[in-house]
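**Q** The structure follows.
Number of protein chains: 2
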Amino acid sequence: MEQSPTKDRIIRTALRLFESCGYSRVSVDQIVKESGTSKGGFYHNFTSKDELLYMIHDFCVTHALEKAEEAIERHDNAKEQLRGIIRSFVLLFDTYQSHLAIFNEESLHLSREYLKKIEGKRDRYKRLLHQVIEEGVKNGEFRSNSNVTIVTMAVLGMINWIYKWYRPDGDFSLEEIADIYTDFVMNGLLPE
Amino acid sequence: MEQSPTKDRIIRTALRLFESCGYSRVSVDQIVKESGTSKGGFYHNFTSKDELLYMIHDFCVTHALEKAEEAIERHDNAKEQLRGIIRSFVLLFDTYQSHLAIFNEESLHLSREYLKKIEGKRDRYKRLLHQVIEEGVKNGEFRSNSNVTIVTMAVLGMINWIYKWYRPDGDFSLEEIADIYTDFVMNGLLPE
DNA sequence: CCGATCAGACCGACCGGTCGGTACCGCGTG
DNA sequence: CACGCGGTACCGACCGGTCGGTCTGATCGG
Numbered sequence: 001m002e003q004s005p006t007k008d009r010i011i012r013t014a015l016r017l018f019e020s021c022g023y024s025r026v027s028v029d030q031i032v033k034e035s036g037t038s039k040g041g042f043y044h045n046f047t048s049k050d051e052l053l054y055m056i057h058d059f060c061v062t063h064a065l066e067k068a069e070e071a072i073e074r075h076d077n078a079k080e081q082l083r084g085i086i087r088s089f090v091l092l093f094d095t096y097q098s099h100l101a102i103f104n105e106e107s108l109h110l111s112r113e114y115l116k117k118i119e120g121k122r123d124r125y126k127r128l129l130h131q132v133i134e135e136g137v138k139n140g141e142f143r144s145n146s147n148v149t150i151v152t153m154a155v156l157g158m159i160n161w162i163y164k165w166y167r168p169d170g171d172f173s174l175e176e177i178a179d180i181y182t183d184f185v186m187n188g189l190l191p192e
Numbered sequence: 001m002e003q004s005p006t007k008d009r010i011i012r013t014a015l016r017l018f019e020s021c022g023y024s025r026v027s028v029d030q031i032v033k034e035s036g037t038s039k040g041g042f043y044h045n046f047t048s049k050d051e052l053l054y055m056i057h058d059f060c061v062t063h064a065l066e067k068a069e070e071a072i073e074r075h076d077n078a079k080e081q082l083r084g085i086i087r088s089f090v091l092l093f094d095t096y097q098s099h100l101a102i103f104n105e106e107s108l109h110l111s112r113e114y115l116k117k118i119e120g121k122r123d124r125y126k127r128l129l130h131q132v133i134e135e136g137v138k139n140g141e142f143r144s145n146s147n148v149t150i151v152t153m154a155v156l157g158m159i160n161w162i163y164k165w166y167r168p169d170g171d172f173s174l175e176e177i178a179d180i181y182t183d184f185v186m187n188g189l190l191p192e
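In the order they appear, the protein sequences are chains D and F.
UniProt numbering puts the first residue of the first sequence at 1, with every later residue one more than the last.
UniProt numbering puts the first residue of the second sequence at 1, with every later residue one more than the last.
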């Protein structure tokens, strides 16, 4: 991520503004003013406001993908792989909560070409999770009557949703949330 | 919902447009043109574009709340109450998928006063679900080491997320999804 | 004829993006 | 060292167009 300091400042400012007001409510003028640069400075570093949005999207989905692939490689059974994916995804909110909030709320504003790239990576992530769960069901690690497709979406949903309610200064750390989520996904609510 | 036909047409058109382009990318002119009315007609029925957005939000959260309260009243044990809440929430996507998509993506664009009303109802919904799970843990229907707060958010997340991927003409009906979700929430992935 | 409903021209604010210009830095040359 | 030169980073006035909202009337049922 070794970028010019101005570019970095613009991105950080934009993250904050987009997260609290929404992409389309924040003008380039506002980003420029609050990041201490100028229109010229902005368009020197980005070809358009859209490209800035794309870069924010790309940061976090790329990172998430890498972490998930790592988790799969590091373990050789579905249970541990799934635990690793959940854990790495949840921990992503430590550094990327703003990114993820924007990722989940502003994807409609990406232009077609940008959207295609992002969706490609998101689908790869989805497929990864699907494969792990599927493998677990096949080899008996997971219950055989689990519906892989829907459970995959359920897990994705419960984690993606975290950006809506997690606060770094709240009652639960991301480590704790990851543990509780894993336990919930594995065991459900009913007692033995 | 007994409204003037014009108002109804405007809302239906707006739902479609907001869902596919995002609130702030759709102009009043566009809504007006596609719903076959005029600026005058629009501003006769709504005080502002914001109010239209608020009404869309209010429709679905009010409905969801009613259904959840019904489910709780109809059953006397936490397990059935939870099943009822999940089921009624999932089935909401049948008539309110557009509403829910907008509800989840465009809440940042609500003005402060509208936002407060909506958040009040959303919090009530959250508290309802929390109470049911809490009760189940207390009376032994659910595992005692379930973390109620986080599990509540997990369940909310996995259901709210449905608007991102559910398609009425897809492989799964909402009834099936509700059943799979309930089973997943109750039993998790691991076999006995 | 009165109020409800709607038509559409119009307004002023705002917004993304452009463009001509400036400041500065490293480098080769005399 | 002085000087000029090319290139990079940045500045900010400005432009064309869009948007939410207003206003003056027209239409019509009762």
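All residues carry an ideal CB built from backbone N, CA and C; glycine is no exception.
This one's a predicted model, so the numbers in the text were calculated from it and none came from an experiment.
1. Could you check if S146 (chain F) is buried or exposed, using at least 16 other CB atoms within 10 Å of its CB as the buried criterion?
2. Report buried or exposed for H44 (chain D), applying the criterion of at least 16 other Cβ atoms within 10 angstroms of its Cβ.
3. Quick one: grab the DSSP three-state call for L91 (chain F).
4. Over the uninterrupted alpha helix (DSSP H) stretch that includes F42 (chain F), give me the two end residues.
5. At which residue ranges does the UniProt domain "HTH tetR-type" (4-64) of chain F contain complete alpha helix (DSSP H) runs of 4 or more residues, listed in the order of the chain?
6. Report, in whole angstroms, the separation of the C-beta atoms of D50 (chain F) and L110 (chain F), which I expect to be a contact under 8 Å.
7. Can you confirm whether R167 (chain F), when its beta carbon is compared against all beta carbons of chain D, has any partner nearer than 9 Å?
8. Tell me which residue opens and which closes the alpha helix (DSSP H) that F184 (chain F) is part of.
9. Would you kindly check if the distance between the Cβ of N77 (chain F) and the Cβ of G188 (chain D) is under 9 Å?
10. Roughly how many angstroms separate the alpha carbons of P191 (chain F) and G136 (chain D), rounded to a whole number?
11. Between D50 (chain D) and chain F, is any beta-carbon pair separated by less than 9 Å?
12. When the distance is taken between beta carbons, is K126 (chain F) closer than 9 Å to residue 254 (chain F)?
13. Which chain F residues are close to I150 (chain D), counting only those with a beta carbon under 9 Å from its beta carbon?
14. Got a sec? Which residues, its chain only, sit under 7 Å from K117 (chain F) by beta carbon, not counting five neighbours each side?
15. Check the Cβ-Cβ distances between C21 (chain F) and every residue of chain D, and say whether any is below 9 Å.
16. List, in order along the chain, the chain D residues whose C-beta lies closer than 8 Å to that of H109 (chain F)?
17. To which residues of the same chain is A64 (chain D) closer than 7 Å at the C-beta, ignoring the five residues directly before and after it?
18. Got a sec? Which residues, its chain only, sit under 7 Å from R122 (chain F) by beta carbon, not counting five neighbours each side?
19. Three-state secondary structure (DSSP) at N147 (chain F)?
20. So, does the CB of L15 (chain D) fall closer than 9 Å to a CB anywhere in chain F?
21. Assign T47 (chain F) to one of two classes, buried (16 or more other C-beta atoms within 10 Å of its C-beta) or exposed (fewer than that).
22. For E105 (chain F), which residues in chain D fall below 7 Å Cβ to Cβ?
23. In angstroms with no decimal places, state the Cα-to-Cα distance between L129 (chain D) and S38 (chain F).
24. Could you check the C-alpha separation between H57 (chain F) and S27 (chain D) for me, to the nearest Å?
25. Please report whether the beta-carbon of F142 (chain D) lies at a distance below 9 Å from any beta-carbon of chain F.
26. Any beta-carbon of chain F closer than 9 Å to the one on K121 (chain D)?
27. Please identify the residue among F:I177, F:G157, F:V148, F:D179 whose C-alpha is closest to the C-alpha of D171 (chain D).
28. Listing by chain order, which chain F residues have their CB less than 7 Å from the CB of A154 (chain D)?
**A** Walking through what the data contain:
1. Locating residue 146 (chain F) in the second sequence gives position 146, counting from the first residue. The residue in question, S146 (chain F), is buried, as its Cβ has 16 or more Cβ neighbours within 10 Å.
2. As a first step, residue 44 (chain D) must be located in the first sequence, where it is residue number 44. Its Cβ having fewer than 16 others within 10 Å, H44 (chain D) is exposed.
3. Sequence index remark: in the second sequence, residue 91 (chain F) carries index 91 (1-based). Under the three-state reduction of DSSP output, L91 (chain F) falls in the helix class.
4. In the second sequence, residue 42 (chain F) corresponds to position 42, counting from 1. Taken as a continuous stretch (DSSP letters only), the alpha helix (DSSP H) holding F42 (chain F) covers 39-45.
5. Counting only runs of at least 4 residues, the UniProt domain "HTH tetR-type" (4-64) of chain F fully encloses the following alpha helix (DSSP H) elements, listed from N- to C-terminal order: 5-21, 28-34, 39-45.
6. Residue 50 (chain F) sits at position 50 when you count from the first residue of the second sequence. Residue 110 (chain F) sits at position 110 when you count from the first residue of the second sequence. Indeed they touch by this definition, with Cβ atoms about 7 Å apart.
7. Counted from its first residue, the second sequence places residue 167 (chain F) at position 167. No, because no Cβ of chain D sits closer than 9 Å to the Cβ of R167 (chain F).
8. The residue you call residue 184 (chain F) lines up with position 184 of the second sequence. Taken as a continuous stretch (DSSP letters only), the alpha helix (DSSP H) holding F184 (chain F) covers 174-187.
9. Numbered from 1 along the first sequence, position 188 holds the residue referred to as residue 188 (chain D). Numbered from 1 along the second sequence, position 77 holds the residue referred to as residue 77 (chain F). Their beta carbons are not under 9 Å apart, which means G188 (chain D) does not touch N77 (chain F) by this criterion.
10. Residue numbering aside, residue 191 (chain F) sits at position 191 when the second sequence is read from its first letter. Residue numbering aside, residue 136 (chain D) sits at position 136 when the first sequence is read from its first letter. If I take the Cα positions, the gap works out to 11 Å.
11. For the purposes of this step, residue 50 (chain D) is identified with residue 50 of the first sequence, where counting begins at 1. No - not a single Cβ of chain F is within 9 Å of the one on D50 (chain D).
12. Outside the shown range of chain F, which is 1 to 192, sits residue 254 (chain F), and nothing can be said about it.
13. Along the first sequence, read from residue 1 onward, the residue named residue 150 (chain D) stands at position 150. What I150 (chain D) touches in chain F: F172, E176, I177, I180, Y181, F184.
14. Locating residue 117 (chain F) in the second sequence gives position 117, counting from the first residue. Once the five neighbours on either side are set aside, K117 (chain F) has no close Cβ partner at all.
15. Residue mapping note: residue 21 (chain F) aligns to position 21 of the second sequence, counting from 1. By the rule that beta-carbons nearer than 9 Å mark a contact, C21 (chain F) touches chain D.
16. Counting from one through the second sequence, the residue named residue 109 (chain F) turns up at place 109. Going along chain D in sequence order, the residues near H109 (chain F) (Cβ under 8 Å) are G22, R25.
17. Numbered from 1 along the first sequence, position 64 holds the residue referred to as residue 64 (chain D). Sequence-distant partners of A64 (chain D) (beyond 5 residues in either direction) whose C-beta falls short of 7 Å from its own C-beta, in its chain, are F89, L92, Y125.
18. The count along the second sequence starts at 1 and reaches residue 122 (chain F) at position 122. Closer than 7 Å at the Cβ level, and outside the excluded window around R122 (chain F), lie V61.
19. Working through the second sequence from its first residue, we reach residue 147 (chain F) at position 147. DSSP places N147 (chain F) outside both helix and strand once states are collapsed to three, so it counts as coil.
20. Taking the first residue of the first sequence as 1, we reach residue 15 (chain D) at position 15. Chain F, which has no Cβ nearer than 9 Å to the Cβ of L15 (chain D), makes this no.
21. As a position in the second sequence, residue 47 (chain F) is number 47, starting the count at 1. Flag for T47 (chain F) reads exposed.
22. Counting from one through the second sequence, the residue named residue 105 (chain F) turns up at place 105. Close to E105 (chain F), with beta-carbon spacing below 7 Å, are these residues of chain D in chain order: E105.
23. Taking the first residue of the first sequence as position 1, residue 129 (chain D) is located at position 129. Taking the first residue of the second sequence as position 1, residue 38 (chain F) is located at position 38. Looking at the two C-alpha atoms, the distance is approximately 48 Å.
24. Your numbering for residue 57 (chain F) matches position 57 in the second sequence. Your numbering for residue 27 (chain D) matches position 27 in the first sequence. Near 25 Å, if we compare the C-alpha coordinates of S27 (chain D) and H57 (chain F).
25. Translated into the one-based positions of the first sequence, residue 142 (chain D) becomes position 142. Yes, F142 (chain D) lies at the interface with chain F (some Cβ there is under 9 Å from its Cβ).
26. In the first sequence, the residue the question calls residue 121 (chain D) occupies position 121. No, K121 (chain D) does not count as interfacial toward chain F.
27. Counting from one through the first sequence, the residue named residue 171 (chain D) turns up at place 171. Cα-wise, what sits closest to D171 (chain D) is F:V148.
28. Translated into positions along the first sequence, residue 154 (chain D) becomes position 154. What A154 (chain D) touches in chain F: M158, Y181, F184.
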